[in-house]
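Enquirer: Structure in structure tokens, see below.
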Amino acid sequence: MKAIRMSEPGGPDVLVLEDVPDLQPGPGEVVVDLKAAALNRRDVFVRKGVAKVPLPLTPGSDGAGVVSAIGDGVKGVAEGDEVIILPSLAWGDDQRAPGPHFRILGGPDQGTYAQQIVIAAENVYPRPGRLSWHEAAALPLAGLTAWRALFSRARVQPGETVLVIGIGGGVATFAMHLAKAAGCKVVVTSSSDEKLAKAAALGADVGVNYATAGDEWAAAVKEANGGGVDVVIDSVGSTWAGSVDSCAPGGRVVVFGGTGGAKVEMMVRPMTLGQVSLLGTTMGSPMEFGQLLAAVDTQSWVPVIDSVRPLADAAAAHEREEAGLHFGKLVLECS
Ligand SMILES: NC(=O)c1ccc[n+]([C@@H]2O[C@H](COP(=O)([O-])OP(=O)(O)OC[C@H]3O[C@@H](n4cnc5c(N)ncnc54)[C@H](OP(=O)(O)O)[C@@H]3O)[C@@H](O)[C@H]2O)c1
Numbered sequence: 008m009k010a011i012r013m014s015e016p017g018g019p020d021v022l023v024l025e026d027v028p029d030l031q032p033g034p035g036e037v038v039v040d041l042k043a044a045a046l047n048r049r050d051v052f053v054r055k056g057v058a059k060v061p062l063p064l065t066p067g068s069d070g071a072g073v074v075s076a077i078g079d080g081v082k083g084v085a086e087g088d089e090v091i092i093l094p095s096l097a098w099g100d101d102q103r104a105p106g107p108h109f110r111i112l113g114g115p116d117q118g119t120y121a122q123q124i125v126i127a128a129e130n131v132y133p134r135p136g137r138l139s140w141h142e143a144a145a146l147p148l149a150g151l152t153a154w155r156a157l158f159s160r161a162r163v164q165p166g167e168t169v170l171v172i173g174i175g176g177g178v179a180t181f182a183m184h185l186a187k188a189a190g191c192k193v194v195v196t197s198s199s200d201e202k203l204a205k206a207a208a209l210g211a212d213v214g215v216n217y218a219t220a221g222d223e224w225a226a227a228v229k230e231a232n233g234g235g236v237d238v239v240i241d242s243v244g245s246t247w248a249g250s251v252d253s254c255a256p257g258g259r260v261v262v263f264g265g266t267g268g269a270k271v272e273m274m275v276r277p278m279t280l281g282q283v284s285l286l287g288t289t290m291g292s293p294m295e296f297g298q299l300l301a302a303v304d305t306q307s308w309v310p311v312i313d314s315v316r317p318l319a320d321a322a323a324a325h326e327r328e329e330a331g332l333h334f335g336k337l338v339l340e341c342s
């Protein structure tokens, strides 16, 4: 089979399409012939060596495909099943946080930029029937992160206002859809008026261009929303201070990313005076993945696909993701 391999950290050109041996399942594992994979910002961090993982590696956390081989002892999964992959590995039993053996598929474990993957049977779930292969492959990591952030951590309620920072991002587009489906008003920020217009067409109620607003973006959010928002979904990190400033009294800011850098500096007083909660989160548990898939079954939105490329063009997809040109998810066709 063919897979994208990287044997050293670096630019997009370290992602090379290679012939590798077909995979065999071990006990408790299945082989999935992948139809599609999708990118996450994490893949860029892995490729650049910011997220340290053993090499060589097939990157990629997101994928969907058809089960083609079953290992000893596997129950409840059959050859021919159409599945979506949960990239949270070994979350553990505690819903509050992942356990010590938690890993994300696609480093250190071999990932989805390939025609096949071998994975624990407990990590495959029936493909949501109403999603295409591309949409199904786009869902797992970013959809799960948005689900846990909104519902397990922020405990968002219908009628609340949710601010989603940087709506071009993969997680951000899922957060927008899920918050709207939950009956919330959604405010989004972006560096691009074009992306704000796309978000409005998908249901966002208010848009603020953080590039043109500069340091005043939080004030612009507050002004547009008369008194501040209830919940902020912040994947950027360097925006934490503005996210806190955007809140109405008692607001909740959920954080899970550092696209803007690994260190944050902010004032204490707006948090204490505003009674704002800062809530950390990471991806999500198998239980939350089940909740997400159940919601997808009953809701009508579909994952936002920025573009689709052949597996061989993974490097070009990385260039687009790293430059922040995308709106939603970048998909790779694996078969
Ligand atoms: N801890 C976890 O479990 C977890 C899970 C998923 C993701 N993450 C992290 O969350 C982040 C987002 O992931 P992703 O895959 O959704 O990334 P992505 O698709 O690459 O999205 C990045 C988006 O961030 C926005 N952005 C960048 N700088 C910004 C700034 N200064 N102010 C406001 N927005 C800014 C941009 O939005 P515009 O283009 O609209 O300007 C950009 O499109 C990454 O840091 C990722 O590692 C963490």
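Each residue of the sequence shown is one higher than the one before, starting from 8 at the first, in my numbering. Virtual Cβ for every residue (Gly too), placed ideally from N, Cα, C.
#1: Taking the CB atoms as reference points, tell me whether Ala-182 and Ile-240 lie closer together than 8 Å.
#2: Smallest Cα separation from Leu-93: which of Phe-296, Glu-142, Glu-326?
#3: Would Glu-328 and Arg-48 qualify as a contact pair, given that the criterion is a beta-carbon distance under 8 Å?
#4: Which same chain residues, not among the five before or five after Val-243, have their C-beta less than 6 Å away from its C-beta?
#5: Should Ser-95 be labelled buried (16 or more other beta-carbon atoms within 10 Å of its own) or exposed?
#6: With burial defined as no fewer than 16 other Cβ atoms inside 10 Å of the residue's Cβ, what is the status of Pro-63: buried or exposed?
#7: Cβ of Pro-66 within 8 Å of Cβ of Gly-150?
#8: With hydrogens ignored, establish whether the beta-carbon of Thr-6 is closer than 7 Å to any heavy atom of ligand 1.
#9: Under the three-state reduction of DSSP, which class applies to Met-278: helix, strand or coil?
#10: Pop quiz: Ala-226 and Gly-214 are said to be a contact at Cβ under 8 Å. What is the actual Cβ separation, rounded to whole angstroms?
#11: Is the CB-CB distance between Gly-177 and Lys-336 below 8 Å?
#12: Below 8 Å on the Cβ atoms is my guess for Ala-97 versus Gly-83; work out the distance and round it to an integer in Å.
#13: When you compare only the Cα positions, how much space is there between Leu-22 and Ala-321?
#14: So is the beta-carbon of Leu-64 under 7 Å away from any non-hydrogen atom of ligand 1?
#15: Leaving out the 5 sequence neighbours to the left and right, which residues in its chain are closer than 8 Å to Ser-198 when beta-carbon positions are compared?
#16: Is the Cβ-Cβ distance between Val-228 and Gly-258 less than 8 Å?
#17: Is Glu-326 near ligand 1, with its Cβ less than 7 Å from a heavy atom?
#18: If we count the other Cβ atoms within 10 Å of its Cβ and call it buried at 16 or more, is Ser-292 buried or exposed?
#19: In the DSSP assignment, find the alpha helix (DSSP H) that holds Glu-230 and state where it starts and stops.
#20: Spatial neighbours of Met-278 within its chain, please: CB distance less than 8 Å, with the 5 preceding and 5 following residues excluded, ordered by chain position.
#21: Is Ser-292 close to ligand 1? I mean its beta-carbon at under 7 Å from any heavy atom of the ligand.
Expert: Inspection of the coordinates gives the following:
#1: Along the sequence shown, one-based indexing puts residue 182 at 175. Along the sequence shown, one-based indexing puts residue 240 at 233. Pairing Ala-182 with Ile-240 gives a Cβ-Cβ distance under 8 Å.
#2: In the sequence shown, the residue the question calls residue 93 occupies position 86. Among Phe-296, Glu-142, Glu-326, the Cα nearest to that of Leu-93 is on Phe-296.
#3: As a position in the sequence shown, residue 328 is number 321, starting the count at 1. As a position in the sequence shown, residue 48 is number 41, starting the count at 1. Contact: yes.
#4: The residue you call residue 243 lines up with position 236 of the sequence shown. Once the five neighbours on either side are set aside, the close Cβ partners of Val-243 are Ile-172, Gly-173, Thr-266, Gly-267.
#5: Your numbering for residue 95 matches position 88 in the sequence shown. So Ser-95 counts as buried.
#6: Numbered from 1 along the sequence shown, position 56 holds the residue referred to as residue 63. It counts as exposed.
#7: For the purposes of this step, residue 66 is taken as the residue at position 59 of the sequence shown. For the purposes of this step, residue 150 is taken as the residue at position 143 of the sequence shown. Result no, Cβ atoms of Pro-66 and Gly-150 do not sit closer than 8 Å.
#8: The chain is shown from 8 up to 342; residue 6 falls before or after that span and cannot be answered.
#9: For the purposes of this step, residue 278 is taken as residue 271 along the sequence shown, with counting starting at 1. Per DSSP, reduced to three states, the secondary structure at Met-278 is helical.
#10: In the sequence shown, residue 226 corresponds to position 219, counting from 1. In the sequence shown, residue 214 corresponds to position 207, counting from 1. Contact between Ala-226 and Gly-214 is absent: CB atoms are separated by about 15 Å, not below the 8 Å threshold.
#11: Numbered from its first residue, the sequence shown carries residue 177 at position 170. Numbered from its first residue, the sequence shown carries residue 336 at position 329. A contact, by the Cβ cut-off of 8 Å.
#12: Within the sequence shown, numbered from 1, the residue matching residue 97 stands at position 90. Within the sequence shown, numbered from 1, the residue matching residue 83 stands at position 76. Contact flag wrong, Cβ pair sits at about 19 Å.
#13: Within the sequence shown, the letter at position 15 stands for residue 22. Within the sequence shown, the letter at position 314 stands for residue 321. Straight through space, the alpha carbons of Ala-321 and Leu-22 are spaced by roughly 7 Å.
#14: For the purposes of this step, residue 64 is taken as the residue at position 57 of the sequence shown. Outside the cutoff, so no.
#15: Residue 198 sits at position 191 when you count from the first residue of the sequence shown. Excluding positions up to five away in sequence, the list reads Gly-173, Gly-175, Asn-216, Tyr-217, Ala-218, Gly-331.
#16: The count along the sequence shown starts at 1 and reaches residue 228 at position 221. The count along the sequence shown starts at 1 and reaches residue 258 at position 251. Taking 8 Å as the Cβ cut-off, Val-228 and Gly-258 do not qualify as a contacting pair.
#17: The sequence position of residue 326 within the sequence shown is 319, counting from 1. Between ligand 1 and the CB of Glu-326, the shortest heavy atom gap is not smaller than 7 Å.
#18: Against the sequence shown, residue 292 aligns to sequence position 285. Looking at its Cβ environment, which holds 16 or more other Cβ atoms inside 10 Å, Ser-292 is buried.
#19: For this step, residue 230 is matched to residue 223 along the sequence shown. Where Glu-230 is concerned, the enclosing alpha helix (DSSP H) stretches over 224–232.
#20: The sequence position of residue 278 within the sequence shown is 271, counting from 1. Answer for Met-278: Val-251, Leu-285, listed in chain order.
#21: To locate residue 292, count along the sequence shown from 1; it is residue 285. False, no ligand heavy atom lies under 7 Å from that Cβ.
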